[in-house]
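Take the working numbering: the last position of the sequence shown gets the number 1024, and nothing is skipped along the way.
Notes to accompany the following structure.
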Amino acid sequence: MAATRTLPASWFTSQNLYDLEVRAVFDKAWYLLGPVTRFVADSEVEYEIAGTAFTVHHNGNESFTTTRASDSTTLPHYVTPTGLLFTTISPSAPPFTSYFPSSLLELLNKRDFRKLPHRRSLAYPGKFNWKTMVDGYQECLHCQYTHRSFSVKYPPSFYEADNQDTYTRHIVDPKKPDDGLFLYFYPICTLNLYGGGMSSFRVCPGNGSEGVKGKVGESRMEFDYYFDDGQGGTEGFEEYFQFVRRVALEDFELCETAQRNLERGVYSQGCLNGEKEKGVVREYFPLLFFSVSPSRTHCLTVFASLCFQLPHLPRRSLGFSNISKNPCPF
Ligand SMILES: [Fe+2]
695 MAATRTLPAS WFTSQNLYDL EVRAVFDKAW YLLGPVTRFV ADSEVEYEIA
745 GTAFTVHHNG NESFTTTRAS DSTTLPHYVT PTGLLFTTIS PSAPPFTSYF
795 PSSLLELLNK RDFRKLPHRR SLAYPGKFNW KTMVDGYQEC LHCQYTHRSF
845 SVKYPPSFYE ADNQDTYTRH IVDPKKPDDG LFLYFYPICT LNLYGGGMSS
895 FRVCPGNGSE GVKGKVGESR MEFDYYFDDG QGGTEGFEEY FQFVRRVALE
945 DFELCETAQR NLERGVYSQG CLNGEKEKGV VREYFPLLFF SVSPSRTHCL
995 TVFASLCFQL PHLPRRSLGF SNISKNPCPF
């Protein structure tokens, strides 16, 4: 596979482009909120994504109502057969079964996500664009030198990113299908089974609030942790939690550093290994081709034309020409 480049720095620093993403990407997307065990019956959980606040009410018996805070609109949601809850933040999003390829349900249906109880949730702000975190998640070349404890337990002798349109499956060891499974759901959600438990995180863009989309260079990390010791208890949970938190904090530091360099002009555009970082390349494809309308050709034209109108985004900074004309020397 030919080597390519990352998106230019402007995609990580332009407030105008971020505002465009809210309409073209986030309003059209589906979001993993977690397994149904996250939601206690007859109670609500509050969320905010890209300036849209909403609540998820568990009515009992895995019946959910997702309500937008601004106008009480009921938002489309979807519970997979094995117990994962996805939602939208706008009625304008396509149906779940159109947004994700059918292979996703085939993959998810191999696991019973109802088995692991919810144990803990965390949320905190980060000074980085949402794509900065996703770029890091979508490749594991950095794992050897950044995540030393992780690399000891999961040696990088085999690593594969299987890109499937709007999701990516990362496989650490194909001989251990129940350990070391990492799923990325375009654009901001992940599900991670490793270290003896399960976690999910969302990179909430802009770190906004109801009606406030937030800033291009900020995000809010939201983590949910699930664990069972085999007897319905929490024996070993703290050990698991410390292990996965260390990995998360190592990534957090990398992202804040990378964003600072993007904003200062130190880092304008990076090279991608076309084989070992193809997950990053794939992350960009929906961003460019999938976000505005079901017609991808039309959507690319609309999206590109909108971007061209941004005064400080020169045509070449969109990355379309850079990908083919400036290959990296990998
Ligand atoms: Fe990482």
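Yeah, the Cβ is synthetic: ideal placement off N, Cα and C, and Gly gets one too.
As the structure is a prediction and not an experimental result, all values here were calculated from the model.
Alpha-carbon spacing of residue i relative to residue j, whole angstroms
i, j, result
"residue 990", "residue 715", "Any reading at residue 990 must be qualified, since the residue scores a pLDDT of 39, below 50, and its modelled position is unreliable; no value is offered."
"residue 995", "residue 936", "Note that residue 995 scores a pLDDT of 37, beneath 50, so its modelled location is shaky; the value from the coordinates is reported in the next line. When rounded, the distance between both Cα atoms is 46 Å."
"residue 1001", "residue 706", "Residue placement at residue 1001 is flagged as unreliable, the pLDDT there being 39, under the threshold of 50; a coordinate-derived value is accordingly withheld."
"residue 926", "residue 920", "12 Å"
"residue 915", "residue 899", "9 Å"
"residue 775", "residue 959", "47 Å"
"residue 782", "residue 759", "12 Å"
"residue 1024", "residue 967", "Its pLDDT being 25, under 50, residue 1024 is placed unreliably in this model, and the coordinates cannot settle the point."
"residue 784", "residue 766", "12 Å"
"residue 736", "residue 834", "40 Å"
"residue 956", "residue 828", "15 Å"
"residue 988", "residue 836", "A caution first: residue 988 carries a pLDDT of 35, below 50, which makes its placement in the model too unreliable to give a value."
"residue 762", "residue 859", "28 Å"
"residue 771", "residue 922", "27 Å"
"residue 788", "residue 719", "12 Å"
DSSP bridge partner residues for residue i (one or two, in chain order)
i, result
"residue 884", "878 and 895"
"residue 819", "914"
"residue 964", "Its beta-bridge partners do not exist; DSSP assigns none."
"residue 758", "752"
"residue 921", "Looking at the DSSP assignment, residue 921 forms no beta bridge with any residue, so it has no partner."
"residue 737", "752"
"residue 857", "862"
"residue 800", "Its beta-bridge partners do not exist; DSSP assigns none."
"residue 729", "778"
"residue 742", "747"
Own chain partners of residue i with C-beta closer than 6 Å, once the 5 adjacent residues on each side are dropped
i, result
"residue 812", "731, 732 and 920"
"residue 841", "941 and 944"
"residue 777", "729, 730, 807 and 808"
"residue 713", "none"
"residue 865", "854"
Contact test: residue i Cβ vs ligand 1 heavy atom, cutoff 8 Å
i, result
"residue 830", "yes"
"residue 884", "no"
"residue 840", "yes"
"residue 941", "yes"
"residue 864", "no"
"residue 752", "no"
"residue 765", "no"
7 Å CB neighbourhood of residue i in its chain, flanking five on each side removed
i, result
"residue 1044", "In this structure the chain extends from 695 to 1024, so residue 1044 is not present and cannot be described."
"residue 906", "745"
"residue 949", "820, 822, 826, 827 and 830"
Beta carbon of residue i nearer than 9 Å to that of residue j
i, j, result
"residue 930", "residue 823", "no"
"residue 849", "residue 723", "no"
"residue 897", "residue 700", "no"
"residue 894", "residue 901", "no"
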